[in-house]
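Residue numbers (my numbering): 32 to 175. Right, one structure below, let's go through it.
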Amino acid sequence: MPFFKDEAELRQILGALYDQVKCDPQIAPRICEGRIVIQFRYEEPHGIATIDAAHPPTQPGAYCDVFWGEVDLKPDVEMSMKADIAHQFWHGKINLMTALARRQIIAKGPIPKILKLLPAVEPMYTLYPRMLREMGREDLVLTK
């Protein structure tokens, strides 16, 4: 059974993570150093999240913008995966290189740009489970 029951829940959970990170003074500026547009395309359930770190933010208090659904921005990097893979990744349970090799994550665009972001997003591996607990979603926290 998938971790997320539908697109609304996917957007609620991962949206909360991305909204918190885009305003985080320790994480967001490091992501923005890459000056790229990253699009995550999720399946099971379907969802699209686009992080615009290439342009000045339009959202108050943010270092970058996050959009859900189809957008006019052309992504520099597009990453497609099942939502369960994203959930495990943000727990720090999935190695990006292994997931790319196994085709659990399909990346279009310059892989070196993606790899350069890994140190920037590493704090999210502890932030995500903590955020889930704060949301009352202990049922989604991975412990193994």
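Cβ coordinates follow ideal geometry from the N, Cα and C atoms, glycine included. A quick note: this is a predicted structure, and the numbers were derived from the prediction, not measured.
| request: Flag this pair as yes or no: are the beta carbons of Met128 and Ile58 separated by less than 8 Å? | output: no
| query | Nearest-angstrom Cα distance between Ile136 and Asn126? | reply | One C-alpha to the other measures close to 10 Å.
| message | Beta-carbon within less than 8 Å of Gln119's beta-carbon, same chain only, minus the 5 sequence neighbours each way: which residues are those? | response | Ile125 and Leu173
| request: Tell me, to the nearest whole angstrom, how far the beta carbon of Val68 is from that of Leu104; I am working on the premise that it is less than 8 Å. | output: Between Leu104 and Val68 the Cβ distance is about 5 Å, and since that is below 8 Å, they are a contact.
| message | By the three-class DSSP mapping on this structure, what secondary structure does Ala85 have? | response | coil
| query | Could you give the distance in angstroms between the alpha-carbon of Arg168 and the alpha-carbon of Ile79? | reply | 22 Å
| request: Verify whether the separation of the beta carbon atoms of Pro76 and Asp50 is less than 8 Å. | output: no
| task | Tell me whether Asp96 is buried or exposed, calling it buried when 16 or more other Cβ atoms sit within 10 Å of its Cβ. | result | buried
| Arg72 by DSSP, collapsed to three states: which one? | strand
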